Structures are given as C-alpha cells and as structure tokens.
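There are 2 protein chains.
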Amino acid sequence: MTPRADAERNRAAILAAATEAFAEHGPAATTEKVAIRAGVAVGTVFRHFPTKDALLVAIMKESLHGLSRRAAESTLFDFIAAVVDEAVRTRTVVTALAAPTLDVGDALRSLTDEIERLLTKARDAGEVRSDVRVDEVMALLTAAAQAAQQGGWSEDLRRRTLAVIFRGLAPWGS
Amino acid sequence: MTPRADAERNRAAILAAATEAFAEHGPAATTEKVAIRAGVAVGTVFRHFPTKDALLVAIMKESLHGLSRRAAESTLFDFIAAVVDEAVRTRTVVTALAAPTLDVGDALRSLTDEIERLLTKARDAGEVRSDVRVDEVMALLTAAAQAAQQGGWSEDLRRRTLAVIFRGLAPWGS
DNA sequence: CGATAAAATGAGTCATGACTCAGGTTTCAG
DNA sequence: CTGAAACCTGAGTCATGACTCATTTTATCG
Chain A
1 MTPRADAERN RAAILAAATE AFAEHGPAAT TEKVAIRAGV AVGTVFRHFP TKDALLVAIM
61 KESLHGLSRR AAESTLFDFI AAVVDEAVRT RTVVTALAAP TLDVGDALRS LTDEIERLLT
121 KARDAGEVRS DVRVDEVMAL LTAAAQAAQQ GGWSEDLRRR TLAVIFRGLA PWGS
Chain B
1001 MTPRADAERN RAAILAAATE AFAEHGPAAT TEKVAIRAGV AVGTVFRHFP TKDALLVAIM
1061 KESLHGLSRR AAESTLFDFI AAVVDEAVRT RTVVTALAAP TLDVGDALRS LTDEIERLLT
1121 KARDAGEVRS DVRVDEVMAL LTAAAQAAQQ GGWSEDLRRR TLAVIFRGLA PWGS
C-alpha cells in the first residue's frame, strides 16, 4: 500500500529541511528546528525517522552518494579540491566523512571505491606516485575537509595547503 | 595574601584531574567527573574555575605551552610527527589546536612563532621549499592531528600520510 | 458523502549537565 | 587556643533537547 499523499509530502519536506539545517549547524541542529523549517510538528519528524540519528544518517548517505556521483565525472585533484570547497560551505560533508559512530552502510565504501578509480587513473597518467594507496588519499581528503571547515580556511589558504598535498602525491619532478 | 593550603592543594588536584579527563573524553568530559577524579565536590571546581570553559582553557593553555616547549628542541618534521602521535593518545592537543571559539590568549600565537622558527631552520637546511608559509604548516598540522585522532589512524596510516605531507613540503628531488 | 485508518499535532516527560548557595568545616593569625 | 574568614559540600535549580502519546485532523475508499 502506498503511503498517504500528505505523508509523502511531509517526508520530502523534512528531508529538505534537515539537509539545510545539518548543512548549516551540523549534527547540532535541533529536531525542533528541522520540524519548524519543514512546516511540521516535532512528532511528525519522529514518525518518519524514529531517531534524530536516523535522520542524520539519511542525510549523510545522500551527501556521500552525491560525492560518489561527482567523483565519477572528475579527476582526483579536482575532486579533492571540490570536496574541500564544499566542506567550507556545508557541514554535512565532513559529518559524513568523519562520523565514526554513525553507520552509513556502504555509502562510504562506495565513495572509497570511486576514489580508488580516480587514483588509479591519476597513477596511470603519471600524476601520482605509484606507491600511494587509497587510505592516505581518504585520510588526507578527510583531514583537509574537516580542518578547512572548522578552521574557516580562506580560499587562499585552501589553495596553498592543497598545493602541498598535491605535490606530496605527485612523482618527483613533475 | 597567599591562598589557604587546602585551596591550593585542591586547585592542583582539579587541574590534574581535568587534564586526565579532557585527555580521555575531550571537552565532553563532565565537570562532575572531574570533581570526582579530583576527590572534591562540584562546587569546589566552580570555586576555582568560574566556568567549565575556563577550566578547559586552562588545560588547553598548558597543552599549548607544552607543545611550544617541545618545538623549541626539535625539528619541523619530527615535531609534526610527534604532535600527530600525541593527538592519537590524548584529545587535548586537538581541542587546543582546533577550538575556534575558546580564547587561549597568545598561547597559539607562541606556538605558531615557535613553528615558524622550525620552518625557517628547515628552509635554510634545504629541507623545505622556500615558498611554504607557516599558515600551511599550521593548517596541515592541525588537519592531520585532528583527523588522525578522530579517525583512529593506525601507526602505519599515520606514517604514510605524513610521508605525503612531508614530500609536499620538500623541494623537488630532495 | 460518511466511516475509518493513517497521519499530524504539540504539550508533556525524562535525562543530562552546567551552575548555585545555605549551611557545615578547616585553616591560620593573633 | 579561638574566632572569623576562607573553603568546601552536595542537594537543588535551570536550561536544553530528544522523544512520547492522547487527542485531533485528514486522506481515501466504498
């Protein structure tokens, strides 16, 4: 049986509201605020998502899938720069990349796979040293995104810092 | 007038307890827990530090000064590695390096100065490119420490990730 | 149209954790 | 020794925020 029309409408509104709220305030965003933003009562939010974390996880998965999609049509360095840029704008990316306790299913795994593909491509193109593994790349990506966000890195600092990282990934003399 | 003997004793106990508690749980450590650990009542903690943040700031300053001291007798790369190692063990370092809202006075400034000295020395020794500024170094240090801690980087991952960063800081072909 | 089940509402419950303060205890100067 | 000032105590206050549920509203089906 398909859900009632208003239920579906509200669920969508809640997801949209939560996306904005978590982007602005991170996991600290109140369920109450999400409800208000969605034009709905708190109870309704909890009807659709049994737990605040469940809602958060839903948003995080969306965010991670979005990244995977973008990774598919990008290059390694461009992708990393794009993620760090977005991290400065919305808190969700970092929350998703660096939430050790919340279970995002295989969304992170998928993203890692996608990045591995970018890494292989970059390696084959001679843009990255052959001994660099995905681990480091994920670690560096997460680190940069997280620090950039919460340190409020200026665009200039972002550029210079990423330059160091990119140089570190590149083969000698390239 | 010098404070009463018991007051001084308690203050020291509170600082010691807070150091441990914040190292283990970060800023999330409860004032209550600190009090228990210090063998003292909550009220006593608040008598010595008007606010939980005041206590936290005191610990953070201590931590930053400790880092400055260690920086004075180290080299840039060794120092960075040491800080990241410590970050994995105690949460205080990262809290101190990456707490944008808490006012640590000039403790961060001092550390930055010390690191600048290390940077200059490394540059003169030809170990670091001449166009690298302290900003990037601080940014990379903070990023690595933060991510290492909260991602639980293994020693191996730590080593490989720092290798990338160090290579990025180094001049070509060194 | 009703009837009814699904959904929404929002005031209320509960847990947590920072902070207070009236009353008891300890230190120490004289 | 002794009394006042300085300290300490810990139950209680207050704010916050997740989550509940009795009651009311609404979508949908015959």
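Top line first, the protein sequences correspond to chains A and B.
In this text, residue positions in the first sequence follow this note's numbering: the first is 1, and each later residue adds one.
In this text, residue positions in the second sequence follow this note's numbering: the first is 1001, and each later residue adds one.
Quick reminder that beta carbons are idealized off the backbone N, C-alpha and C, glycines included.
These numbers come from a predicted model, not from an experiment.
Practice problem: Measure the C-alpha to C-alpha separation of V1137 of chain B and L1118 of chain B and round it to an integer number of angstroms. | Solution: Spanning the two alpha carbons is a distance of roughly 11 Å.
Self-check item: Cutoff 7 Å; reference I1072 of chain B; Cβ partners in own chain excluding five residues on either side
Solution: One point to set straight first is that residue 1072 of chain B is Ala, not Ile, in the sequence displayed. Excluding positions up to five away in sequence, the list reads E1114.
Quiz prompt | Residues of the segment 135-157 of chain A whose Cβ lies closer than 8 Å to any Cβ of chain B, in chain order | solution = Residues of the segment 135-157 of chain A that bring their beta carbon within less than 8 Å of a beta carbon in chain B comprise D135, E136, A139, L140, T142, A143, A144, Q146, A147, A148, Q150, G151, G152, W153 and L157, in sequence order.
Quiz item: Which class does V132 of chain A belong to by DSSP, given the choice of helix, strand or coil?
Solution: Three-state DSSP puts V132 of chain A in coil, outside helix and strand.
Quiz item: Does the beta carbon of A96 of chain A come closer than 9 Å to any beta carbon on chain B?
Solution: With a threshold of 9 Å between beta carbons, A96 of chain A makes no contact with chain B.
Exercise. Taking C-beta pairs closer than 8 Å, name the residues in chain B that V164 of chain A reaches, listed in chain order.
Key: What V164 of chain A touches in chain B, judged by beta-carbon distance under 8 Å, is V1132, E1136, L1140, I1165, G1168 and L1169, going in chain order.
Quiz item: Any chance the segment 1139-1151 of chain B sits against the segment 1073-1083 of chain B, with 3 or more Cβ pairs inside 8 Å?
Solution: Yes, since at least three Cβ pairs between the segment 1139-1151 of chain B and the segment 1073-1083 of chain B fall closer than 8 Å, the two stretches touch.
Exercise. Starting from the C-beta of A122 of chain A, find all residues in its chain whose C-beta is less than 6 Å away, skip the five residues before and the five after it, and write them out in chain order.
Key: The answer, listed in chain order, is L76 and V128.
Quiz item: For L1067 of chain B, which of helix, strand or coil comes out of DSSP?
Solution: DSSP places L1067 of chain B in the helix class (H, G or I) of the three-state scheme.
Self-check item: Candidates A:D53, A:L140 and A:A28, of which the one nearest V104 of chain A by Cα
Solution: Of A:D53, A:L140 and A:A28, the residue nearest in Cα terms is A:D53.
Quiz item: Mind checking S1154 of chain B: buried by the 16 CB within 10 Å criterion, or exposed?
Solution: Taking a 10 Å sphere around the C-beta of S1154 of chain B, we find fewer than 16 other C-beta atoms and assign the residue as exposed.
Exercise. Following the continuous alpha helix (DSSP H) through R1037 of chain B, name the residue where it begins and the one where it ends.
Key: Membership of R1037 of chain B in the alpha helix (DSSP H) is indicated by the continuous run T1031 to A1038.
Quiz item: Is the segment 1006-1023 of chain B touching the segment 1035-1054 of chain B in the sense that three or more CB pairs, one from each, lie closer than 8 Å?
Solution: In this structure the segment 1035-1054 of chain B lies against the segment 1006-1023 of chain B, because at least three pairs of beta carbons, one per stretch, are closer than 8 Å.
Self-check item: chain B contacts from the segment 81-105 of chain A (Cβ-Cβ distance under 8 Å)
Solution: Those residues of the segment 81-105 of chain A that come within reach of chain B (Cβ to Cβ, closer than 8 Å) are A98 and P100.
Practice problem: Compare the C-beta of R1160 of chain B with all C-beta atoms of chain A and state if any pair is closer than 9 Å. | Solution: Answer yes: the Cβ-Cβ gap between R1160 of chain B and chain A drops below 9 Å somewhere.
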